[in-house]
Amino acid sequence: MSKKKIPDTFFETHMMVSEPERWIEPMADANVNLYTFHIEPVLQNVLPICRKIREVGMKVGLALKPGTGIEAIRQYVEHADMILIMTVEPGFGGQVFISDMMPKVQWLRHNYPLLDIEVDGGVGLNTINACAEDDQYDILAISETWLSPHINNNLVNIKGYRLIRKDRVGRAGGVCFHIANTVNFKLVERNDNIEQL
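To get this note's numbering, take the position in the sequence shown, counting from 1, and add 1.
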């Protein structure tokens, strides 16, 4: 999808690559707004990579795998616009949400109240409240989790949130829901409908 067709859209990448510096300029050329990379393969070069991302006009996102402690990212937080906490091991679909990652999110929120924080992996009907309990988070939900056949006729009901936008994503025609806090909503699988309460 070309950003020229939807110029006001904020494009974010989550680069699960071993050499994130190689992809900075191509992503900038594609008009990406936020470039998120995993710190683990580049621990000695995180700051130079952050600088290069900013030099080409993108915001910086830093991602942390489940096995990496929060102390690994502390020295870099102030150089980032967003921190992404993985709640599954990257690269494999259908994994179970690792609730032990939520203390990382809570530590970041406590120490950096204005920082954008994301979680990625295994977020669904049984885990969404752990992510939304603070009432300060925005939620990006992809249809693989939210619209799968086994949740037929189930409602998602999160107090204090509202739908921001609903986009078609991927070749499979999935639906991406970006939900931000403010009013109740419910998600009904029938016809990919979002109904405001």
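Don't be surprised by glycine CBs; every beta carbon is placed ideally from N, CA and C.
Within 10 angstroms of the Cβ of L35, are there 16 or more other Cβ atoms? Answer buried if so, exposed if not.
buried
Which same chain residues end up closer than 6 angstroms to I54 when comparing Cβ atoms and leaving out the 5 residues on each side of it in sequence?
I25, Y36 and V61
From what residue to what residue does the beta strand (DSSP E) around I118 run?
D117 to D121
Starting from L63, trace the beta strand (DSSP E) both ways and give me its first and last residue.
K60 to L65
Taking C-beta to C-beta, are L1 and H80 nearer than 9 angstroms?
The structure shown does not extend to residue 1, since the chain is modelled only from 2 to 198, so the question has no answer here.
Spatial distance of S100 from L85 (CA atoms):
15 angstroms
When DSSP builds the beta bridges, which residues end up paired with T14?
Y36
Considering Cα atoms alone, identify which of Y77, Q76 and P104 is closest to M87.
P104
Decide if P42 is buried, meaning its Cβ has at least 16 other Cβ atoms within 10 Å, or exposed.
exposed
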